[in-house]
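**Student:** Protein sequence lines, in the order shown, are assigned to chains A and U.
Once you know that position 114 of the first sequence is 114 in the UniProt record's numbering, the rest is easy, because the numbers rise by one and skip nothing.
Once you know that position 145 of the second sequence is 145 in the UniProt record's numbering, the rest is easy, because the numbers rise by one and skip nothing.
Yeah, the Cβ is synthetic: ideal placement off N, Cα and C, and Gly gets one too.
Shown below is the structure under consideration.
2 protein chains.
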Amino acid sequence: MTRLTRAEAKARTRERLLDAAARVFAQKGLAGASVDEIAEAAGYSIGAVYSNFGGKEQLFVELLQERANDRVNRAAEIIAEAEPAEANGALGRLLVEVADKDADFAPLQAEFWLYAVRNPELMETYAERMREPRRLLTDLVARSVPDAERAGELSSIVIALFQGLVRMRRVDPDSVPDELFGRALRWLFTGAEADEEQP
Amino acid sequence: MTRLTRAEAKARTRERLLDAAARVFAQKGLAGASVDEIAEAAGYSIGAVYSNFGGKEQLFVELLQERANDRVNRAAEIIAEAEPAEANGALGRLLVEVADKDADFAPLQAEFWLYAVRNPELMETYAERMREPRRLLTDLVARSVPDAERAGELSSIVIALFQGLVRMRRVDPDSVPDELFGRALRWLFTGAEADEEQP
DNA sequence: GTCTATAAACAGATAGAC
DNA sequence: GTCTATCTGTTTATAGAC
């Protein structure tokens, strides 16, 4: 265990600040969070934020660019490794876990989306970050749905439904029972398959 | 055209402030909007807000309680009046219109949801407001889906998917073509119907 | 590289005038 | 009922110490 170089120390501080920022922004929002609060949550003081980032908003944008989709991408990878026949079930369990266990995920995603909507200059960047996991999912869907365009449509639907149900479950768990997402996927793919035969 | 009574004048001011607040909160967020900004947008000054509402946060909560779902309820009514065979198409057009024409709707809904998530004491109120349109939709779905539990599940799915696709289209229109929502509904109901026969 | 102290701006809320 | 003036607390951002 060797000593950290100056650059490594700075990089470590940077990562810790980003971790803390993710938590605080999720809990208080971009406008509601103060720089002081984020620094304190990371174990530093205000100065560290300004020496590593331009300010609060730049810190938020960095967070969006670097981490907006890594959890989602990881999820897609998990699904990719699941047995094809079990993919619906795996996605269903993932939704329950994200909605019930990861309290910060959905609010932070909402903050990112709001920022993109309110700051057109960042919208394309945000959209591209979100396309990444969608491409992963499309490849996955393509295994069982040969038509490429239809696979793309299905993956948009699956992601939108996932996000919608996660948010719904957060505020009204009874309306989104554990098995609902998996069931919806089964119906969706069954219906899409039936459509294939008579377009 | 008779003169307004004192109570009527106050009620009018109140409504104007709520209208302005809806716009400003949608565009800047709860924390990002200032009371002064809202008052000005309504054509009044700060004092009017404090004489009609307890303050910024109370104004926001009133807005949530009184108007969080009226647009959604109206949408459900429109669908209820459509021909059953055309319901999917009507919903599809509604999504396009909401996503493309009403710039404030989705951001304001996101703000409401974030507030509910961050303020547990209001979460049940918010959830109840959201259950209202869902009940309307469930009655509608029940016309073609006899099983009551399944109709309830389908209406949760339809609403979550609607919200998810609206948000997705706002930031990446190409990933949510005009006909996507209608198509998803057709697949969904076809699949659910097929499920009916072999549970 | 990070911290402490401070400057400068701003926003929420109130009191009293009209 | 609403407006103007003001008080108070908080926040961002910076400058200089270590």
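1) Thinking just about the alpha-carbon of each residue, which of U:ASP172, U:THR190, U:GLY182 and U:VAL158 is nearest to the one in PHE181 of chain A?
2) Taking the CB atoms as reference points, tell me whether LEU161 of chain U and GLY164 of chain A lie closer together than 8 Å.
3) Are ALA11 of chain U and ALA41 of chain U closer than 8 Å when you measure CB to CB?
4) Taking 8 Å as the CB-CB cut-off, is GLN163 of chain U touching chain A?
5) Taking DSSP as the reference, what is the three-state secondary structure of ALA20 of chain U?
6) Does any residue of chain U have a CB that is nearer than 8 Å to the CB of GLU86 of chain A?
7) For the region 85-106 of chain U, which residues have a beta carbon sitting closer than 8 Å to at least one beta carbon of chain A?
8) Let's test the definition: count the other Cβ atoms within 10 Å of the Cβ of SER51 of chain A and tell me whether it reaches 16, buried, or not, exposed.
9) Does PRO120 of chain A pass the burial test, meaning 16 or more other C-beta atoms within 10 Å, or should it be called exposed?
10) When you compare the CB of ARG134 of chain A with every CB in chain U, is at least one pair closer than 8 Å?
11) Give me the Cα-Cα distance between ARG118 of chain A and LEU64 of chain A, rounded to the nearest whole angstrom.
12) Counting contacts by CB-CB distance shorter than 8 Å, is GLY191 of chain A in contact with chain U?
13) Please check the pair ASN73 of chain A and PRO133 of chain A, which I expect to be a contact at CB under 8 Å, by giving their CB distance rounded to whole angstroms.
14) Are ARG23 of chain A and ASP102 of chain A close, meaning C-beta to C-beta below 8 Å?
15) Compile a chain-ordered list of the residues in the region 26-59 of chain A whose CB is closer than 9 Å to at least one CB of chain U.
16) Taking only beta-carbon atoms, is ALA110 of chain A less than 8 Å away from chain U?
17) Taking the C-alpha atoms as reference points, what is the distance between PHE25 of chain U and ASP36 of chain U?
18) Using a beta-carbon distance cut-off of less than 7 Å, what residues from the region 63-79 of chain U approach chain A?
19) Can you tell me whether SER34 of chain U is helix, strand or coil according to DSSP?
20) Can you check whether the C-beta of SER156 of chain A is within less than 8 Å of a C-beta belonging to chain U?
21) Look at the alpha carbon of ARG14 of chain U and the alpha carbon of ALA39 of chain U, and state the distance between them as a whole number of angstroms.
22) Using CA atoms only, rank isn't needed, just tell me which of U:ALA142, U:GLU62 and U:LEU114 is closest to VAL166 of chain A.
23) CB-CB under 6 Å to ALA116 of chain U, same chain, minus the five flanking residues each way: which ones, in chain order?
24) According to DSSP, is PHE112 of chain U helix, strand or coil?
25) Please list the partners that LEU188 of chain A has in chain U, where partner means a Cβ-to-Cβ separation under 8 Å.
26) Please tell me whether ALA9 of chain A has its Cβ less than 8 Å away from any Cβ of chain U.
27) Among the candidates A:PHE189, A:ARG129 and A:VAL98, whose CA atom is the shortest distance from the CA of SER144 of chain A?
28) For GLY152 of chain A and GLU66 of chain A, I'd like the C-alpha separation in whole angstroms.
**Tutor:** The answer reads as follows:
1) Residue mapping note: residue 181 of chain A aligns to position 181 of the first sequence, counting from 1. With distances taken between Cα atoms, PHE181 of chain A lies closest to U:VAL158.
2) Numbered from 1 along the second sequence, position 161 holds the residue referred to as residue 161 of chain U. Numbered from 1 along the first sequence, position 164 holds the residue referred to as residue 164 of chain A. The answer is yes: Cβ separation under 8 Å.
3) For the purposes of this step, residue 11 of chain U is taken as the residue at position 11 of the second sequence. For the purposes of this step, residue 41 of chain U is taken as the residue at position 41 of the second sequence. For ALA11 of chain U and ALA41 of chain U, no; Cβs fall outside 8 Å.
4) The residue labelled residue 163 of chain U in the question sits at position 163 within the second sequence. Yes - at least one Cβ of chain A is within 8 Å of the one on GLN163 of chain U.
5) For the purposes of this step, residue 20 of chain U is taken as the residue at position 20 of the second sequence. The answer is helix: DSSP assigns ALA20 of chain U an H, G or I state.
6) Counting from 1 along the first sequence, the entry for residue 86 of chain A is found at position 86. Answer no: the Cβ-Cβ gap between GLU86 of chain A and chain U never drops below 8 Å.
7) From the region 85-106 of chain U, only ALA106 have a Cβ closer than 8 Å to chain A.
8) Indexing the first sequence from 1 puts residue 51 of chain A at position 51. The residue is exposed, with fewer than 16 neighbouring Cβ atoms inside 10 Å.
9) On the first sequence, position 120 is the one that residue 120 of chain A refers to. Its Cβ having fewer than 16 others within 10 Å, PRO120 of chain A is exposed.
10) Stepping through the first sequence from its first residue, residue 134 of chain A is reached at position 134. Yes, its Cβ sits closer than 8 Å to a Cβ of chain U.
11) Indexing the first sequence from 1 puts residue 118 of chain A at position 118. Indexing the first sequence from 1 puts residue 64 of chain A at position 64. Put simply, the backbone Cα of ARG118 of chain A is about 14 Å away from that of LEU64 of chain A.
12) On the first sequence, residue 191 of chain A is found 191 positions in, with the first residue counted as 1. Closer than 8 Å: yes.
13) Here residue 73 of chain A is taken as the residue at index 73 of the first sequence, counted from 1. Here residue 133 of chain A is taken as the residue at index 133 of the first sequence, counted from 1. Indeed, because the Cβ distance is near 5 Å, the residues count as touching under 8 Å.
14) Position 23 of the first sequence, counted from the first residue, corresponds to residue 23 of chain A. Position 102 of the first sequence, counted from the first residue, corresponds to residue 102 of chain A. Not closer than 8 Å, so no.
15) GLN27, LYS28, GLY29, LEU30, ALA31, GLY32 and ALA33
16) Taking the first residue of the first sequence as 1, we reach residue 110 of chain A at position 110. Judged by the 8 Å Cβ criterion, ALA110 of chain A is in contact with chain U.
17) Numbered from its first residue, the second sequence carries residue 25 of chain U at position 25. Numbered from its first residue, the second sequence carries residue 36 of chain U at position 36. Taken atom to atom, the span from the alpha-carbon of PHE25 of chain U to that of ASP36 of chain U is near 12 Å.
18) none
19) Against the second sequence, residue 34 of chain U aligns to sequence position 34. In this structure, SER34 of chain U counts as coil in the three-state DSSP scheme.
20) Here residue 156 of chain A corresponds to residue number 156 of the first sequence, with the count starting at 1. So yes, SER156 of chain A belongs to the interface.
21) Taking the first residue of the second sequence as 1, we reach residue 14 of chain U at position 14. Taking the first residue of the second sequence as 1, we reach residue 39 of chain U at position 39. So the alpha carbons of these two residues sit roughly 11 Å apart.
22) In the first sequence, the residue the question calls residue 166 of chain A occupies position 166. Cα-wise, what sits closest to VAL166 of chain A is U:LEU114.
23) Residue mapping note: residue 116 of chain U aligns to position 116 of the second sequence, counting from 1. Closer than 6 Å at Cβ, skipping near neighbours: LEU122, MET123 and TYR126.
24) Start at 1 with the first residue of the second sequence, and residue 112 of chain U comes out as number 112. Residue state, collapsed to three classes: helix.
25) As a position in the first sequence, residue 188 of chain A is number 188, starting the count at 1. Here the neighbours are ALA184, TRP187, LEU188 and GLY191.
26) By one-based count along the first sequence, residue 9 of chain A stands at place 9. Cβ-Cβ to chain U under 8 Å: no for ALA9 of chain A.
27) Counting from 1 along the first sequence, the entry for residue 144 of chain A is found at position 144. SER144 of chain A has its Cα closest to that of A:PHE189, out of A:PHE189, A:ARG129 and A:VAL98.
28) As a position in the first sequence, residue 152 of chain A is number 152, starting the count at 1. As a position in the first sequence, residue 66 of chain A is number 66, starting the count at 1. GLY152 of chain A and GLU66 of chain A: Cα-Cα distance of roughly 25 Å.
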